[in-house]
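2 protein chains.
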Amino acid sequence: MGEPRIIELAPRPLPKDLTPDVFVAECPTRRVLDRVADKWAVLILILLADGTKRFNALKRMIGGVSQKMLSQTLKSLERDGLVARRAIPTVPVTVEYSITPLGRTLHAAVDPLRIWAETHIAAVEAAQARYDAEQRQG
Amino acid sequence: MGEPRIIELAPRPLPKDLTPDVFVAECPTRRVLDRVADKWAVLILILLADGTKRFNALKRMIGGVSQKMLSQTLKSLERDGLVARRAIPTVPVTVEYSITPLGRTLHAAVDPLRIWAETHIAAVEAAQARYDAEQRQG
DNA sequence: GCTATCTAGTCTCCATCGGATACTAGCATA
DNA sequence: TATGCTAGTATCCGATGGAGACTAGATAGC
Chain A
9 MGEPRIIELA PRPLPKDLTP DVFVAECPTR RVLDRVADKW AVLILILLAD GTKRFNALKR
69 MIGGVSQKML SQTLKSLERD GLVARRAIPT VPVTVEYSIT PLGRTLHAAV DPLRIWAETH
129 IAAVEAAQAR YDAEQRQG
Chain B
9 MGEPRIIELA PRPLPKDLTP DVFVAECPTR RVLDRVADKW AVLILILLAD GTKRFNALKR
69 MIGGVSQKML SQTLKSLERD GLVARRAIPT VPVTVEYSIT PLGRTLHAAV DPLRIWAETH
129 IAAVEAAQAR YDAEQRQG
């Protein structure tokens, strides 16, 4: 239990061919997609793209995130090379998280998701209302 | 347990202001982002954007998906108005799933994620190897 | 002097989530 | 008669995620 899963070196079955394919469960790209299609990762990346932030600042800005998930997600993002962690030996110690160049390329792919949610929210809620009404009398 | 969670009409606290903000846990846009930043939803949308498909076809194409998650995710996507379900009364019954116009707008926002995973996989794996090596020697 | 507070987490407990497996119906095929 | 097809559902159990207590070491307040 001292070892969080992300530290474990998972046995990595080599892909049969060299074409990356997210639809193959064992493909490394699929593992990356699994990690990246994650609400906390998306929210953290969007915030850090806007500037370096400290742990508790992120915690305050992301409504509903637990310390455990924030800590876990940041560690994964750091391992994936998307986020950089810098500990400053003050008392108490402060830790700064910033986005890396690689992380910035992912942010470009991820921010449209936030935009989409914010612009199409009305259409989604309308669809849900329609669906629920049909279910009740259907 | 007969009622899956997506059917429940969750008590929906009204947002204090009218600005959608995914960082607020109670904001409807956040709920949408939570649903949409999901690996199965992403993979299903990408496949259906390419053409109408049947349940078992999707199951075969998406490596590692369980029937339960496929069925649940399709139902959610249908409720959100992103996917249309058509049951054809053959024997045995066949069911066709297709993407809606709204779903197509989301697909445009989601496909870059797949592209990103497939193009940056090498950089991510390199970062992971670097991180793991550092961890081992402290 | 004693207590509270700040930081960035970790630890433990528990509810929920997701995966594996078995099962359903009704007809076609071997 | 047994087997397979369809599109799921029911059930069990392990993995995941959230709530809250707890850690260190220095500082500020009473």
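So the sequence lines, in the order shown, correspond to chains A and B.
Read in order, the letters of the first sequence are residues 9 to 146 in the working numbering.
Read in order, the letters of the second sequence are residues 9 to 146 in the working numbering.
For every residue, glycine included, the Cβ atom is placed at its ideal position computed from N, Cα and C.
Residue from E86(B), K67(B), L90(B) and L55(B) with nearest C-alpha to E142(A): In the first sequence, the residue the question calls residue 142(A) occupies position 134. With distances taken between Cα atoms, E142(A) lies closest to E86(B).
Do the segment 23-41 of chain B and the segment 59-71 of chain B make contact, defined as three or more Cβ pairs closer than 8 Å? no
Tell me whether the segment 110-119 of chain B and the segment 102-115 of chain A touch, counting them as touching only if at least three CB pairs, one residue from each stretch, are closer than 8 Å. Inter-segment contact for the segment 110-119 of chain B and the segment 102-115 of chain A is absent: fewer than three beta-carbon pairs are separated by less than 8 Å.
Tell me whether the segment 75-84 of chain A and the segment 132-139 of chain A touch, counting them as touching only if at least three CB pairs, one residue from each stretch, are closer than 8 Å. With the cut-off at 8 Å, the segment 75-84 of chain A and the segment 132-139 of chain A do not touch.
Roughly how many angstroms lie between the CA atoms of G156(A) and Q145(B), to the nearest whole one? For chain A, the structure presents residues 9 to 146; residue 156(A) sits outside this window and is missing.
Ranges of the alpha helix (DSSP H) found wholly within the segment 44-106 of chain B, counting only runs of at least 4: 47-57, 63-69 and 75-87
Can a CB atom of chain B be found closer than 8 Å to the CB of T98(A)? What you label residue 98(A) is simply residue 90 of the first sequence in a count that begins at 1. Chain B has no Cβ within less than 8 Å of the Cβ of T98(A).
Judging by CA-CA distance, which residue of K47(A), L82(A) and A49(A) is the nearest neighbour of F63(A)? Residue numbering aside, residue 63(A) sits at position 55 when the first sequence is read from its first letter. With distances taken between Cα atoms, F63(A) lies closest to L82(A).
Would you say V132(B) and A125(A) are within 8 Å of each other, going by their C-beta atoms? The residue labelled residue 132(B) in the question sits at position 124 within the second sequence. The residue labelled residue 125(A) in the question sits at position 117 within the first sequence. Cβ atoms of V132(B) and A125(A): not closer than 8 Å.
Express the C-alpha separation of R93(B) and A49(B) in angstroms, rounding to a whole number. As a first step, residue 49(B) is located in the second sequence; it is residue number 41 there, counting from the start. As a first step, residue 93(B) is located in the second sequence; it is residue number 85 there, counting from the start. A49(B) and R93(B): Cα-Cα distance of roughly 15 Å.
When the cut-off is 8 Å and only beta carbons count, does G59(B) lie next to chain A? Stepping through the second sequence from its first residue, residue 59(B) is reached at position 51. For G59(B), the answer is no, since every Cβ of chain A falls outside 8 Å of its Cβ.
Cβ-Cβ separation, V118(A) to I54(A) (assumed contact under 8 Å), whole Å: Locating residue 54(A) in the first sequence gives position 46, where the first residue counts as 1. Locating residue 118(A) in the first sequence gives position 110, where the first residue counts as 1. Their Cβ separation, rounded to whole angstroms, is 7 Å, which keeps I54(A) and V118(A) in contact under 8 Å.
Simplified DSSP state of T27(A), which is helix, strand or coil: Mapped onto the first sequence, residue 27(A) falls at position 19. Here T27(A) sits in coil by DSSP.
When DSSP labels each residue in this structure, what does V32(B) get in the three-state scheme? Sequence index remark: in the second sequence, residue 32(B) carries index 24 (1-based). Secondary structure of V32(B) (DSSP, three-state): coil.
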